[in-house]
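As structure tokens, the structure follows; a few thoughts come after it.
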Amino acid sequence: MTPAAAATAAILAAAILLQAARPSLRLVVVTFGAALSCLVVSLAGISTTGKLLAGVPWDVLVLLVGLGLVTEVLVASRLFGLLAVRVARATRAAPRLLAVVLVAGMYAVSGLVNNLTALMLLLPVILIVFRLMGVSQRYLTWTLSTLLVACNLGGAATPIGDFPAILLLGRGAMGFTDYLVRAAPLTLVALVVLLAVVFGFARPERGLAQTPLSARLTVATLSAFYRGVRLDRRALLCGLLPLAGMVAAWLLVPASSGVGPELICWVGTATALLSAGKLGERLARTRVDVEATLFLLCLFVMVGAVRETGVFQEAAGLLASLPVPPTAQVAVFLVSSAFLTGVFSAGPSMAALLEVAEVLARDHPPEAIYVGLALSVCAGSSLFLTAATAGPLTQALVERAGLRGDDGTPLQLGFFQFAPVGFLAFGIILAVGLVSTILAL
490 MTPAAAATAA ILAAAILLQA ARPSLRLVVV TFGAALSCLV VSLAGISTTG KLLAGVPWDV
550 LVLLVGLGLV TEVLVASRLF GLLAVRVARA TRAAPRLLAV VLVAGMYAVS GLVNNLTALM
610 LLLPVILIVF RLMGVSQRYL TWTLSTLLVA CNLGGAATPI GDFPAILLLG RGAMGFTDYL
670 VRAAPLTLVA LVVLLAVVFG FARPERGLAQ TPLSARLTVA TLSAFYRGVR LDRRALLCGL
730 LPLAGMVAAW LLVPASSGVG PELICWVGTA TALLSAGKLG ERLARTRVDV EATLFLLCLF
790 VMVGAVRETG VFQEAAGLLA SLPVPPTAQV AVFLVSSAFL TGVFSAGPSM AALLEVAEVL
850 ARDHPPEAIY VGLALSVCAG SSLFLTAATA GPLTQALVER AGLRGDDGTP LQLGFFQFAP
910 VGFLAFGIIL AVGLVSTILA L
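By the count of this note's numbering, the sequence shown reaches residue 930 at its end, each step adding exactly one.
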């Protein structure tokens, strides 16, 4: 390994580690890391800043920004909050049934919007329901932890759910339909197994004092609280129809047409914003996720610098030189990817690991490698509460809600409370990914 290769790899590793350890400084850390990477490869004569920027997958960023804006139009319709209220009514606030329906609903919503947005849409209403129900620490821990894992699984189920899958779609590694028909059933299997274990053996509702009268009071109070909230039908149609058109185009428009996923997203997003009128203009001015876009831009620059030095090729070569069968080499890669994601989080890990996966895909069925990687990253992001950005957000929202148990003790969702579900989900999702990948090789 050349000095420049070692330096760029060290910068990337240090930046990923520091941004995970100090999330409040994540933008300045990756910005400095990207600038330093450009400086190293430029001084070494390996590449230039212009070449690194030209190598950035801008189509991925277009998808990320576009889907985020369409989601904001849907948020303005107040659809998801009203749906959460309907769920509470339909289940009559029965703890077990409510938890199962909420988890399934989070999985479905996360397949359409990114994890953070899904949580911001549904979790505040869910916490209000929990406050009215008077839940226990056990119920809150197991239900919300399973909800977080369902959020990760939903994001991995579709090519537009969350960043790792969006990256595969934007890079052209897999088509929309190819990914959907392979990943969605596997994530659904993992979710069903997780639900069976959690609600069949752990039983979060155990010990929860809930009577028919208290359940009726919960539903009545929640209904009164949301009585004045009305669905904005125009915003709903402005967001839903373009999104449906985008999905249809991703399914039907062939790649040979020259119309890629990013262009479809661009046209669909512009249509949604234009049809929303002043709301669309306001969202375009104020709701673009600049933080996520800048973070990923800097990350792509650092990954590009490492790629230019040949480090990823060397890593793939080392993996191929392991004295084990090719199937075992792929298994080692997937298991390592899962643990690395648990430490470094999903976005940075996927951006770096995809470079190695592309080399492995030359000797193995590409779809098996890419979907296996997506599931490994999903498993890793479910391992710890801090492994995905949705975890700290959930922790903060729970603390802000100020829920208390029957004895007045504050209810919380922290690292150790999440750990049992995290370890369980990690094992289930990784096992599903490994078995499906090995069978497909």
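Don't be surprised by glycine CBs; every beta carbon is placed ideally from N, CA and C. Computed from a predicted structure; not experimentally measured.
Compute the beta-carbon to beta-carbon distance between residue i and residue j, rounded to the nearest angstrom, for a pair I have assumed lies under 8 Å.
i, j, result
"residue 616", "residue 890", "4 Å"
"residue 601", "residue 776", "With a Cβ gap of about 17 Å, residue 601 and residue 776 do not count as contacting."
"residue 892", "residue 900", "4 Å"
"residue 646", "residue 676", "4 Å"
"residue 552", "residue 750", "6 Å"
"residue 578", "residue 712", "7 Å"
"residue 845", "residue 904", "Not confirmed; about 29 Å, so no contact."
"residue 727", "residue 761", "6 Å"
"residue 611", "residue 598", "7 Å"
"residue 546", "residue 789", "6 Å"
"residue 529", "residue 794", "7 Å"
From what residue to what residue does the alpha helix (DSSP H) around residue i run?
i, result
"residue 738", "722-741"
"residue 505", "492-510"
"residue 927", "904-929"
"residue 529", "515-532"
"residue 539", "538-543"
Compare the Cα-Cα distances from residue i to each of the options and report the closest residue.
i, options, result
"residue 925", "673, 727, 693", "673"
"residue 607", "522, 866, 879", "879"
"residue 719", "886, 888, 568", "568"
"residue 715", "574, 824, 626, 580", "574"
"residue 851", "659, 819, 598, 562", "819"
"residue 822", "782, 837, 843", "843"
"residue 697", "583, 614, 802", "583"
"residue 922", "513, 813, 881, 857", "857"
"residue 865", "774, 644, 507", "644"
"residue 861", "874, 873, 847", "847"
"residue 628", "544, 540, 691", "691"
"residue 707", "839, 581, 605", "581"
"residue 685", "588, 840, 743, 528", "588"
"residue 929", "815, 898, 873", "815"
"residue 896", "624, 828, 560", "624"
"residue 638", "626, 618, 664, 596", "596"
"residue 649", "725, 779, 604", "604"
"residue 560", "729, 877, 543, 665", "729"
"residue 796", "766, 877, 540", "540"
"residue 618", "682, 710, 563, 659", "710"
Which parts of the stretch 551-594 are runs of the alpha helix (DSSP H), unbroken and 4 residues or longer, counting only runs that do not cross its ends?
Listed in chain order, the complete alpha helix (DSSP H) runs (minimum 4 residues) inside the stretch 551-594 are 568-580.
At 4 residues or longer, what runs of the alpha helix (DSSP H) sit wholly inside the stretch 815-889?
Listed in chain order, the alpha helix (DSSP H) runs fully inside the stretch 815-889 are 815-833, 835-849, 855-870, counting runs of at least 4 residues.
For a minimum of 4 consecutive residues, which ranges assigned as the alpha helix (DSSP H) are wholly contained in the stretch 752-819?
Complete alpha helix (DSSP H) runs here, min 4: 767-775, 779-797, 800-809.
With a threshold of 8 Å, are at least 3 pairs of Cβ atoms found where one atom belongs to the stretch 750-757 and the other to the stretch 723-739?
Yes: at least three Cβ pairs fall under 8 Å.
For the stretch 901-914 against the stretch 627-638, do three or more pairs of beta-carbon atoms, one drawn from each stretch, fall closer than 8 Å, so that the two count as touching?
The way I'd put it, the stretch 901-914 does touch the stretch 627-638; three or more beta-carbon pairs between them come closer than 8 Å.
Does the stretch 523-541 come close enough to the stretch 494-506 that 3 or more CB-CB pairs lie under 8 Å?
Taking 8 Å as the limit for Cβ pairs, the verdict is that the stretch 523-541 does touch the stretch 494-506.
Starting from the N-terminal side, write out each stretch of the alpha helix (DSSP H) that is 4 residues or longer and does not extend beyond the stretch 619-693.
The DSSP assignment places 626-646, 652-660, 665-686 as complete runs of the alpha helix (DSSP H) inside the stretch 619-693, in order along the chain (cut-off: 4 residues).
Segment contact, 8 Å Cβ cut-off, at least three pairs: the stretch 913-922 with the stretch 865-876:
As far as the Cβ criterion goes, the stretch 913-922 touches the stretch 865-876, which means the pair count is three or higher.
Please determine if the stretch 530-537 and the stretch 826-836 are in contact, where contact requires at least 3 C-beta pairs separated by less than 8 Å.
Short answer: they don't touch.
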